[in-house]
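Enquirer: Quick one: this structure, given as C-alpha cells, is what I'll be asking you about.
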Amino acid sequence: MSPEFSLFPEQASTIASKVDALYFFALAMSAFFSLLIAVVIFFFFIRFRRRHAGEVGARAHGSMMLEVVWSVIPLVITMVLFVWGAVIFIEMKTVPEDATEYFATAKQWMWKFQHPEGQREINTLHVPLGETIKLTMTSEDVIHSFFVPAFRVKQDVVPGRYTTVWFEASKTGRYHLFCTEYCGSHHSRMIGWVTVMDPDDYQAWLAGGAPAEAPKDLGATLFEQHICNTCHLEDGSGRGPSLVGIYGQETRFTDGTTGIRDDDYLRQSILTPASQVVEGYLQIMPTYQGQLSEVSLLQLISYVKSLGGAPGAETSAEASAESTGESPE
Amino acid sequence: MSDSSAAAAHPPGLAHHFESYEQQKHSSFLGMWLFLVQEVMFFGGLFVVYVTYRSLYGDAFAAGSRQLDVMIGAVNTTVLLISSFTMVIAVTAAKKGNRKWIVYGLLLTILFGGIFLGVKYFEYGAKWQHHLVPGPYFEWHGEGVGRPVEIFFCLYFAMTGMHALHMVVGIGIMLFMLRPAWRGKWTPQNHNFVEGFGLYWHFVDIVWIFLFPFLYLIGLATH
Amino acid sequence: MSEHHSLKPYVFVLVGLLILTWVTYGAALWDFGHPWSDLVALLIAMTKASLVVVFFMHVKGATPLIKMAAVGGFFWLLIFGAFVLADVLTRPGMLEFL
Amino acid sequence: MSTREYDVAPDPGLPKSHYLNAAHGLKSWLLTTDHKRIGILYLLSITFFFLLGGIYAIAIRLELLTPAGDMVQPDTYNRLFTMHGVLMIFFFLIPSIPAALGNFVIPLMIGAKDVAFPKLNLASWYMYLIGASLTMWALFHGGVDTGWTFYTPFSTTYSNTYVAAVAVGIFVNGFSGIFTGINFMVTIHRMRAPGMTWFRLPLFIWAHYATSLIMVLGTPVLAITIVLVALERLLKFGFFDPALGGDPVLFQHLFWFYSHPAVYIMILPSMGVISEIIAAFARKPVFGYKFVAFASMGIAVIGFIVWGHHLFVSSQSLYAGLIFSILTMLVAVPSAVKVFNWMATLYRGSIEYSTPMFYALGFIGLFTIGGLTGLMLATTGIDVHVHDTYFVVAHFHYIMVGGALMGYLGGLHYWWPKITGRMYPGFWSHLSAGVIFLGFNLTFFPQFILGYLGMPRRYHAYPEEFQVLNILSTAGASILAVGYVIPLVYFIWSLKYGEVAGKNPWGAVGLEWQTASPPPEHNFEEIPEADFEPYEYVEGPPSERPYRYSRSEA
Ligand code: HEA
Ligand code: HEA
Ligand code: CUA
Ligand SMILES: [Cu+2]
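Chains A, B, C and D, in that order, are what the protein sequence lines are.
Heads up: the first sequence begins at 2 in the working numbering, then just goes up one per residue.
Heads up: the second sequence begins at 3 in the working numbering, then just goes up one per residue.
Heads up: the third sequence begins at 18 in the working numbering, then just goes up one per residue.
Heads up: the fourth sequence begins at 30 in the working numbering, then just goes up one per residue.
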C-alpha cells in the first residue's frame, strides 16, 4: 500500500507538470550557479595559493563593468522566475468557473469533507478524474493546511474565514493528504488520502454510500429551522432583504462603503450581522454566533448561493439543481 | 555618568571613553533618537493593528469610540500638551544653568503628567463599571455586535495602557532628577540627561496626539 | 542648537497645538465621508506631531543625522503599515473600501 | 603545519597587562563595562545555548530515524523542535556574531576605547540573561510546543504549555538586541578614530551597521507583537483569535515583519566576517569595496519589505503575494554582488590555506545553495508546493548553519588569537572544518529531496517512503555533532597550551591587529590614526613591511 521509495513525487494533477517544469528550470539555474561558483573558487584556490611568505595579492580595487554585469544577470534571472512563478500562482489561485464545489472543515486533528451530493467523509476524499474540483475550507479551531503533494497544491485552512483550493486530478490512484500547518499534538497524524477514481467508478462509489442530502438542501432546512425565512422572504417584502440572486453581487452598507457578497461576507452576515448593515435596512438581524456549527454554516451558505447570483457563483448549485429539478434564478 | 577609574585625566562629567564634551553630547543625542525610533516602531505595531481592524470593522469601531468621553479626552490632551511645554521650560533652564527653573519645570511636568494619569484612572474605572474591559466581563448592549467592538476596547486598553506606562516611567525618572537638579548637577556645558529626557517626554506626548483622534474622535460624525 | 534661550517661540507652538486640538475635535463633528474623515484627523495629528518634533524636540537646527533619525522612524512605520494594508485591503471583497 | 611562518618577530609572551588580567574576581566580570569582557560574557552564553540547541537537534534527528513516532511522545517532539528553534534563533544565532565577536572587535577596528554606551552594553547582556532565564524556566517546566513562529490562535488559545513565559523571555531578550543595535550605530557614527572615514571602515563594520539598523527598526515590532499575544493568552484580549473576532493572519504579518529581517540580522554579520577573512588571507583589498558595503545596506533595507513571502499560502491576498514575491527577488541582487565580489577578491590573490579561510569558502558555497533555494521559495508557483515541507527546513539550515554558523566559526577562528592571545592547533582545526562541511551536507541535502517529495515539517511521525532520506540526514547530523565538539576541545586546550600569537598572527591589515593580543584594557596605548585605505596590503618581507598606518610599529 505505501508507495515505494522514490526521489520525485508523482504528478497527478493538471498543474503538477507546470510546477515541475518551473522547478526544473530553477533547479538547473541553481545547480549551474552553485557549480560555477564552486569550480571557480577551487580553481582560484589552487592557482593563486601563496607562494612565499611576504607575498601579497594584486592591487585590484574593482570594476564598474563587472559590478553591473553581475547585478543585471541575477536580476534578469530572478525576474524570469518571478513572472513564470506568478503565472502558475495566479492559475492556482483562480478557481475555474466550471469547478464543482466540495467542502472541507478541518479540526484538531482530522479532515471532514462533504461532497456536493451530500456524502461525508473523514480523512479521505474521493474525487472523479478529470473534473475541476473546488474545495471551500474552514477550520473549527487553529490553522491547518491542506496539502496533496501529488497535486502540488496547498492552502492554509484558517478559522473564521473561507479559503479555497482547486485542482483537477489527472491520474487515478491514491494520494497522500497532509496537514502542513503545525496544529498541535497530532499534527503529524492529521494525514489522509485523496482517491482519484474514474468518473464511472466515482458514480458507483457515490451510489454505494449512504443516501445523503446535498448541502444546499440541508441548508434550506436550516434556513427554516433558524427562522431565517421569517425575515428573508423571496420577494423582498420581509424585514430583511431578499436573498435571491444576491450572491457575488455588490451591495452598499449604511456607512457608505460597499462590498461584494462572497462566501466570507455571507458568513459574516450570519455571524455578525451588525458589522455591516445593508443600506435601507435596520440593524435587527440577530447574531447566530455560537448557534451554527461550521458545517451548518457552509450548508446555509450553499443554500443562499443556490438562490442565484453572479455568473459562476451558483455553479455547484446549478449542477445539483439539475438533479432536483429546481431552477436557480 | 562619571567613571571613577579613568576620571583622573578627564574633565568632570566626561566619560572615560569620550574625547570631548562635544563627542559625548552628539553620542547621547543620537542614542536617544535611535531609542525613540525604536519606540516609534514599538507603538507602531499597535497602530498597524489598529489600522487593520479599523478598515475591517469600521462601524463597530465608531460605535466603540462613542463610548468614550470626548470632552475628557480633549481636556487630557490639553493637559499633556501643557506638560510638554513645561518640560521645555526645564530643558531651557538647564541650558542656561538655571537650576531653580529646572526644578520648577520638572515639578510642573510631574504635576500635569500626574493630572493626566489621574484622569485616565477615572476613565478606566468607568470602563470597568460599564463592562467595557475586554475579556470575560465584557458586555455589549449598544449597536453592532460585541466582538469587533471588544477588539476596539482591546486596542483602547493596549494603546492607552502602553502610553500610560511610558508616562509612569517618565514621572519616575523625573522624581529621581529633582535632587541632582536642585544640587546643580546640570550645567550649561553638560545637561545631556535633561535634554535627552525631554525628548522622551515629548515623544510620549506625540503618541497621545495620535491616540486622541484615533480612539476618541472617529465615532463623532456618524450618528 | 540655537543659543538664545527664549521661551517665547515655545509659547506660540503650545498655543498652536492647543488650537489644533480643538480644530481636530471640530473636524471630527463634520462627516467628510469614508475614509476622508479619518484622513483629516490623521493629517491634523501629523501636523501637531511635526510641531512637537520640530520645535519642542529641536529638530530644527539639529544635525542632518538627527533629522534623518527623526523622519526615519515614522517613514519606516509608514512602509510597515502600507504593506500590511496591501494585503488586508486587497483580500477578496475588501478593495471596495478604498 | 604552522601557518605563521611570516610572523618573524614573535612576542616573547603575552603582554604583561591586558583586559583579562586588568581586574580579578567574579565581580570584575559581572559588573564590567569593558566591551571586550562583555563580548566574552556573550561568547560563553551563546556557546551554552548552541550546545543546548544542538542537543535538541540530535533528539529531533534520532526521533526521525524511524517513520513511527517511537522515541518520544508527540507532545515531546513538538517541544523539541520548538525549543530547538527558539534557542538557536533567539539565544544563539541572533546574538552570536554581533554581541560576541562584534562587541569585541568593533571598537578595536574603528580605533575607539569602547562602545558609546558601555553601561547600556552591560545592560544588554543582563537583558539577554533574564530573557534566557525565563526561557530556561519554561524549558524546565516542560517547554513550549508552538513552533518558533508562535502562530495564533494555536499559541494564544490552544497550547497548554508555558507560552507566556517564553514570550516574555523573548520580549526581554529583544531589548538586548535593541540596546546592542543602538550602541553599535552610535559607536560607528561617533567613535571613529581620526582618519577613519566611512569608506575606510572595514566591511565588518558596514555589515554591523546594517545589522544594527534592522535590530533597531525591527525588534520593537516583535516586542509589541509578543505583548499582544500575552494579552490575548492571559486576559483574553481578542487580537488574533478569530473566535474573539481577531485576524490570525495579521499576527503572521506582525511576526514576519520582524522575523524576516531577523534572518538578515543573522547573515549580514557573517558576511562581514567573510569579507575580513577573504581579504586577510588573499592579502588583497576586497574587490568592489563600495559595492559590498552598499550591498549590506541594500539587503537590510529591501529585506524589510519582503516578509510576506512566508504567507503565500496563508490566505494573504493574491495581489500582496505577488508584490512580496517580486520584492524578495530583489534581495538576490545585493547578495549576488557580494558573492561575486568575494570571488573576484580571490582572483590573483595570495591565498593562504588557513582555518578561517576554509570556513569562508564553506560559507560561500553553502550560502549560495541556501540563497538560490531561497529564490525557489520566493517563486510563488514553487513555494505553494514546498511551503512548510523539509525543503524549507533544508533552505534555512543551509543559510543559517551552512552560512551564518560557518561565518561565526570562521570569525571565531580568525579573532581567537586576538581575544585570547593564543593560537589553536592547525591540524585539528582544519580537520574539524572538513568534518563539519561533510556532516552538514549529508544532514541537510537529503532534506531538499524530502521536501519536494512532500514531507511536511514539524512531523513527529512520517510515512515510510521517506525513511531512507531521513536515515541519511540523521547519519549526517551525528558527523556534524562530532565536528562541533572538536573545536570545543581545542579552543579550551589552547587557552593554556596554545602558542602565543603575538599582535598580528595573520599579518592582516586593520586597527584591531595593531594593538597587543590580548588588547590592553583601553584597547590602544595611544589613540590610533587611520591614514590608510581599507585592506591596504603592501608588498615586502614581513619584517620590514611598511605598515604606514601603524605609527607604533613604524
Ligand atoms: C540567515 C537566515 C536566512 C537568510 C539569509 C535567508 C535568505 C533568503 N530566504 Fe529564507 N528563510 C529562513 C532563513 C533565511 N533565509 C528561515 C529560518 C526560514 C523559515 C522560517 C520558518 O518558517 O520557520 C526561511 C524561509 C524562507 C521562505 C518561506 C518559505 C516558506 O515557508 O514557504 C522564503 C520564500 O521566499 C525564503 C526566501 C529567501 C530568499 C530569497 C533569501 C535571499 O536573501 C537569498 C539571497 C542569496 C542568494 C540568491 C545567493 C547568492 C547569489 C548568487 C550566488 C548569485 C547567483 C544568483 C542568481 C543567478 C539569482 N526563505
Ligand atoms: C541557528 C539556527 C539553527 C541551527 C544552528 C540548527 C542546527 C541544526 N538543526 Fe535546526 N532548526 C532551526 C534552526 C537551527 N537549527 C529552526 C529555526 C528550526 C525550525 C523550528 C520550528 O519548526 O519551529 C529548525 C528545525 C530543525 C529540524 C526540523 C524539525 C521539524 O520540522 O520537525 C531539524 C530536523 O532535522 C533540524 C536539525 C538540525 C540539526 C541536525 C542541526 C545541527 O546543525 C546541530 C548540530 C549541533 C550539535 C549536534 C551540537 C553539538 C554538541 C554536542 C552534541 C554537545 C555534546 C554535549 C555535551 C558535551 C554536554 N532543525
Ligand atoms: Cu492540522 Cu497540522
Ligand atoms: Cu523570509
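Yeah, the Cβ is synthetic: ideal placement off N, Cα and C, and Gly gets one too.
(1) Checking contacts by CB at 7 angstroms: is B/P138 closer than that to chain A?
(2) Please tell me whether C/S67 has its Cβ less than 7 angstroms away from any Cβ of chain B.
(3) What first and last residue would you give for the alpha helix (DSSP H) that runs through D/V173?
(4) Measuring only between beta-carbons, confirm whether D/E261 sits less than 7 angstroms from chain A.
(5) Using a Cβ-Cβ cut-off of 7 angstroms, state whether A/L82 counts as contacting chain D.
(6) Could you check how far apart the C-beta atoms of D/K313 and A/G58 are, in whole angstroms? I think they sit under 8 angstroms.
(7) I'd like the list of long-range same chain contacts for D/R8, defined as Cβ closer than 7 angstroms, with 5 residues on each side in sequence excluded.
(8) Is the beta carbon of D/I243 less than 7 angstroms from the beta carbon of D/P290?
(9) Quick check: is any heavy atom of ligand 4 less than 6 angstroms from the C-beta of D/H64?
(10) Residues in its own chain within less than 7 angstroms of A/L82 by CB, not counting five upstream and five downstream?
(11) Mark D/V335 as exposed unless 16 or more other C-beta atoms lie within 10 angstroms of its C-beta, in which case mark it buried.
(12) Can you list the residues of chain A that D/K313 reaches, using a CB-CB cut of under 8 angstroms?
(13) For D/F286, I'd like the list of residues in its chain whose CB is within less than 6 angstroms of its CB, leaving aside the five on either flank, ordered along the chain.
(14) Give the residues of chain C in contact with B/F195, contact being defined as C-beta atoms less than 7 angstroms apart.
(15) Using C-beta distances below 6 angstroms, list every residue in its chain close to B/C156, excluding the 5 sequence neighbours before and after it, in chain order.
(16) I'd like to know if A/D21 contacts chain B, where contact means its C-beta is closer than 7 angstroms to some C-beta of that chain.
(17) Give me, in chain order, the residues of the same chain whose beta-carbon lies closer than 6 angstroms to that of B/R68; leave out the 5 immediate sequence neighbours on both sides.
(18) Name the two residues that bound the continuous beta strand (DSSP E) containing A/Q115.
(19) Helix, strand or coil for D/F284 per DSSP?
(20) Which same chain residues, not among the five before or five after D/R90, have their C-beta less than 7 angstroms away from its C-beta?
(21) With hydrogens ignored, establish whether the beta-carbon of D/I398 is closer than 6 angstroms to any heavy atom of ligand 2.
(22) Go through its chain and collect everything with a Cβ distance to D/H170's Cβ below 6 angstroms, but skip five positions before and after it.
(23) Would you report the Cα separation of D/E381 and D/E92, rounded to the nearest angstrom?
(24) Specify which residues have a beta carbon nearer than 5 angstroms to any heavy atom of ligand 3, listing them in chain order.
(25) If you compare alpha carbons, which of D/Y419, D/A510, D/F466 is closest to D/I478?
(26) Strictly below 7 angstroms CB to CB, what residues from chain D border B/F265?
(27) So, with DSSP's three-state summary, where would you put C/E20?
(28) Give the residues from the stretch 455-475 of chain D that approach chain A closer than 8 angstroms (Cβ to any Cβ), ordered along the chain.
(29) Could you check if A/D1 is buried or exposed, using at least 16 other CB atoms within 10 Å of its CB as the buried criterion?
(30) Select from the stretch 216-228 of chain D all residues with a C-beta closer than 7 angstroms to any C-beta belonging to chain B, and list them in chain order.
(31) Scan the stretch 132-152 of chain D for residues whose Cβ lies nearer than 9 angstroms to a Cβ of chain B and list them as they occur along the chain.
(32) In three-state terms, what does DSSP make of A/T107?
(33) Along chain D, which residues have their Cβ under 8 angstroms away from the Cβ of C/I96?
(34) Whose CB is closer than 6 angstroms to a heavy atom of ligand 4? List the residues in chain order.
(35) Could you give the C-beta distance for D/P516 and D/L438, rounded to a whole number, given that I count them as a contact under 8 angstroms?
Expert: The answer reads as follows:
(1) Taking the first residue of the second sequence as position 1, residue 138 of chain B is located at position 136. False, the Cβ-Cβ gap to chain A never drops below 7 angstroms.
(2) Position 50 of the third sequence, counted from the first residue, corresponds to residue 67 of chain C. Put simply, the CB of C/S67 is far from chain B, with every gap to its CB atoms at 7 angstroms or more.
(3) Taking the fourth sequence and counting its residues from 1, the one referred to as residue 173 of chain D is at position 144. Per DSSP, D/V173 lies in no alpha helix (DSSP H) and is assigned neither H nor E.
(4) To locate residue 261 of chain D, count along the fourth sequence from 1; it is residue 232. Output row for D/E261: interface = no.
(5) As a first step, residue 82 of chain A must be located in the first sequence, where it is residue number 81. Yes, A/L82 counts as interfacial toward chain D.
(6) Residue mapping note: residue 313 of chain D aligns to position 284 of the fourth sequence, counting from 1. Residue mapping note: residue 58 of chain A aligns to position 57 of the first sequence, counting from 1. 3 angstroms between Cβ atoms; contact.
(7) No answer is possible for residue 8 of chain D: the residues shown for chain D start at 30 and end at 583.
(8) Here the question's residue 243 of chain D lines up with position 214 in the fourth sequence. Here the question's residue 290 of chain D lines up with position 261 in the fourth sequence. For D/I243 and D/P290, yes; Cβs fall inside 7 angstroms.
(9) Within the fourth sequence, the letter at position 35 stands for residue 64 of chain D. False, no ligand heavy atom lies under 6 angstroms from that Cβ.
(10) Within the first sequence, numbered from 1, the residue matching residue 82 of chain A stands at position 81. Correct list, in chain order: A27.
(11) Taking the first residue of the fourth sequence as 1, we reach residue 335 of chain D at position 306. With 16 or more other CB atoms across the displayed protein chains lying within 10 angstroms of its CB, D/V335 is buried.
(12) For the purposes of this step, residue 313 of chain D is taken as residue 284 along the fourth sequence, with counting starting at 1. The contacting residues are V57, G58, A59, R60, A61.
(13) Taking the first residue of the fourth sequence as 1, we reach residue 286 of chain D at position 257. These residues qualify, in order along the chain: V250, W336.
(14) Taking the first residue of the second sequence as 1, we reach residue 195 of chain B at position 193. Taking a Cβ-Cβ threshold of 7 angstroms, none of the residues of chain C is close to B/F195; the smallest such distance is about 15 angstroms.
(15) For the purposes of this step, residue 156 of chain B is identified with residue 154 of the second sequence, where counting begins at 1. Apart from the 5 residues on each side of it in sequence, B/C156 sits with its Cβ closer than 6 angstroms to the Cβ of P136 in its chain, given in chain order.
(16) Counting from one through the first sequence, the residue named residue 21 of chain A turns up at place 20. Answer no: the Cβ-Cβ gap between A/D21 and chain B never drops below 7 angstroms.
(17) To locate residue 68 of chain B, count along the second sequence from 1; it is residue 66. G221.
(18) Translated into the one-based positions of the first sequence, residue 115 of chain A becomes position 114. Note, A/Q115: beta strand (DSSP E), 111-115.
(19) Reading the fourth sequence from its first residue, position 255 is the one you call residue 284 of chain D. Correct three-state label for D/F284: helix.
(20) If you number the fourth sequence from 1, residue 90 of chain D lands on position 61. Excluding positions up to five away in sequence, the list reads S502, T503, A506.
(21) The residue given as residue 398 of chain D occupies position 369 in the fourth sequence. Not under cutoff, so the answer is no.
(22) On the fourth sequence, position 141 is the one that residue 170 of chain D refers to. By the criterion of a C-beta distance shorter than 6 angstroms, D/H170 is surrounded in its chain by Y191, once the five residues flanking it on both sides are discounted.
(23) What you label residue 381 of chain D is simply residue 352 of the fourth sequence in a count that begins at 1. What you label residue 92 of chain D is simply residue 63 of the fourth sequence in a count that begins at 1. Taking the Cα positions, D/E381 is about 42 angstroms away from D/E92.
(24) Per the Cβ criterion, the list is A/H145, A/C180, A/C184, A/H188, A/M191.
(25) Reading the fourth sequence from its first residue, position 449 is the one you call residue 478 of chain D. If we check each option's Cα against that of D/I478, D/Y419 comes out closest.
(26) Because chain B in this structure spans residues 3 to 225, residue 265 of chain B falls outside the shown range and cannot be described.
(27) Position 3 of the third sequence, counted from the first residue, corresponds to residue 20 of chain C. With a pLDDT of 47 at C/E20, under the threshold of 50, the modelled position of that residue is not reliable, and the figure given next carries that caveat. In the three-state DSSP reduction, C/E20 falls in the coil class, being neither helix nor strand.
(28) Under the 8 angstroms Cβ criterion, the stretch 455-475 of chain D contributes no residue.
(29) It is not possible to answer for residue 1 of chain A, since the shown part of chain A is limited to 2 through 330.
(30) Residues of the stretch 216-228 of chain D that bring their beta carbon within less than 7 angstroms of a beta carbon in chain B comprise H218, R219, in sequence order.
(31) Going along the stretch 132-152 of chain D in chain order, one finds P136, A141, K142, D143, V144, A145, F146, P147, K148, L149 with a Cβ nearer than 9 angstroms to chain B.
(32) In the first sequence, counting from the first residue as 1, residue 107 of chain A sits at position 106. According to the sequence provided, residue 107 of chain A is Ala. The question's Thr does not apply to it. DSSP places A/A107 within a strand segment (E or B) once states are collapsed to three.
(33) The residue you call residue 96 of chain C lines up with position 79 of the third sequence. Within chain D, the residues near C/I96 are F333, I334.
(34) The filter returns D/H289, D/V292, D/H338, D/H339, in chain order.
(35) By 1-based counting over the fourth sequence, the position of residue 516 of chain D is 487. By 1-based counting over the fourth sequence, the position of residue 438 of chain D is 409. With 8 angstroms as the limit, D/P516 and D/L438 qualify as a contact, their Cβ atoms being about 7 angstroms apart.
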